[in-house]
C-alpha cells in the first residue's frame with residue numbers, strides 16, 4: 017500500500033512497542049475464505065502438497081535472484097564475485113523448480129494462477145495511480161498564480177488571477193479548513209472553490225496531515241503553521257503517528273488554537289514560495305507590532321466565532337478518448353476499484369452540518 021501497488025484498506029496497529037505490527041481485517045477475511053475454498057476444491061492432501069511445493073520453490077528461486085540484484089546494485093559487490101555465489105544456488109533452485117512444474121496439471125496450477133492474478137492486480141493499480149498522479153500534477157499551481165492582490169482607493173483586495181478569468185473574490189464570514197492532500201502548492205479543492213464560487217472565507221487554513229512511521233508524535237513537534245502569499249491564508253502541517261487520532265469532532269478548535277498560538281508567539285513560518293513545503297527552508301517570522309498582531313488575532317477570533325467549515329475535495333476521473341480499447345478497459349477497472357475503496361466523506365469524525373464536499377473532474 018505504501019508503494020501504491022494496492023488500494024488503501026483499514027489497518028489496525030496492534031502494538032506501540034513493535035512498529036509496523038498490524039491487523040488487517042479484510043486480509044484476514046479473504047485469507048479465511050480462500051483457505052476454505054482451496055481445502056474444499058482439492059480432494060486430497062497429495063494434490064494440495066503439490067501446489068504448496070511449487071509455491072515454496074518458486075519463492076526460493078525468486079529470492080535467490082532478488083538477493084543477487086541487491087548485492088550488485090545496493091551492496092555494490094563486484095558482479096564476478098556475485099556470479100560465483102549465485103550460480104550454484106540458482107542451479108539447484110532451477111532443478112527443483114522444473115521438477116515441481118511437472119506437477120502443474122495435477123494441482124500445482126493453482127499456485128501459478130494465484131500468482132498471475134495478484135501480479136496483474138498490483139500492476140493494474142500501479143499503472144492507474146501513475147496516470148492519476150500525472151493528472152494531478154497538471155493542476156499544481158502556486159497560490160500567487162490563483163489569487164492576486166490589487167489596491168484601489170487605498171484599500172487592498174484580492175481578485176482571481178487573469179488565467180482564471182479575473183474578477184473579485186468575495187468574503188464569506190467564518191473560518192474554512194481545507195483538507196490538503198499534497199502539502200504544497202494550492203490544494204485542488206481550494207482552487208476549485210475559488211474558481212467556482214469566487215469567494216473566500218475570512219480565514220483559510222490549508223490543513224495537511226503527514227503520517228509518520230511511529231506510534232505517537234509529541235504535541236510540540238506535531239503542528240507547524242506557515243503563512244502564504246495570500247492574506248489570512250495559512251498552511252497547517254500536522255505530523256502524526258499511526259496511533260494518534262487527528263480527525264475528531266473538535267478539530268476546528270484545535271486548528272484555531274494552533275494558528276492563534278503561532279501568531280501570538282511569532283512562530284508563523286514565512287515561506288519564500290508556495291512551492292516549498294511548510295516548515296522547510298523557511299525563516300522564523302519576526303515579531304509583528306502590537307497593532308498588527310491585535311488585528312490579526314481579532315480577525316481570527318471573529319472568524320472562528322462565526323462558523324468553522326471543513327471543506328473536502330472529491331476528484332472524479334474521466335478517461336481520455338485517445339486511449340485504445342484495452343487501456344480504456346484497464347483504466348475503467350482501476351477507477352471502479354478506486355471508487356469502491358476510497359475513504360468516504362461520511363466516515364470523517366467531524367460534525368456533518370459543518371462538512372462541505374467539493375467535486376471536480378480530472379482527465380487521465
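Numbering (this note's numbering), first residue to last: 17 to 380. Even glycine gets a Cβ: it sits at the ideal position worked out from N, Cα and C.
Using a Cβ distance threshold of 8 angstroms, residue 184 and residue 175 count as a contacting pair. Counting along the chain, no beta strand (DSSP E) covers residue 59, and no H or E run does either.
Rounded to whole angstroms, the gap between the alpha carbons of residue 189 and residue 307 is 22 angstroms. DSSP places residue 317 in the helix class (H, G or I) of the three-state scheme.
Counting only runs that start and end inside the region 155-212, the alpha helix (DSSP H) elements of at least 4 residues fall at 159-162.
Boundaries around residue 252 are those of the beta strand (DSSP E), 249-256, since no alpha helix (DSSP H) includes it. Less than 8 angstroms divides the Cβ of residue 21 from the Cβ of residue 141.
Contact between the region 121-134 and the region 78-88 is not established, with fewer than three Cβ pairs separated by less than 8 angstroms. Put simply, the backbone Cα of residue 104 is about 15 angstroms away from that of residue 73. Boundaries of the beta strand (DSSP E) around residue 218: 215-227.
Residue burial annotation: residue 243 is buried, with at least 16 other C-beta atoms found within 10 angstroms of its C-beta. Rounded to the nearest whole angstrom, the CA to CA distance from residue 201 to residue 159 is 7 angstroms. For the options 213, 196 and 30, the alpha carbon positioned closest to that of residue 186 is the one of 213.
Residue 87 and residue 61 have their C-alpha atoms some 39 angstroms from each other. Under the three-state reduction of DSSP output, residue 322 falls in the helix class.
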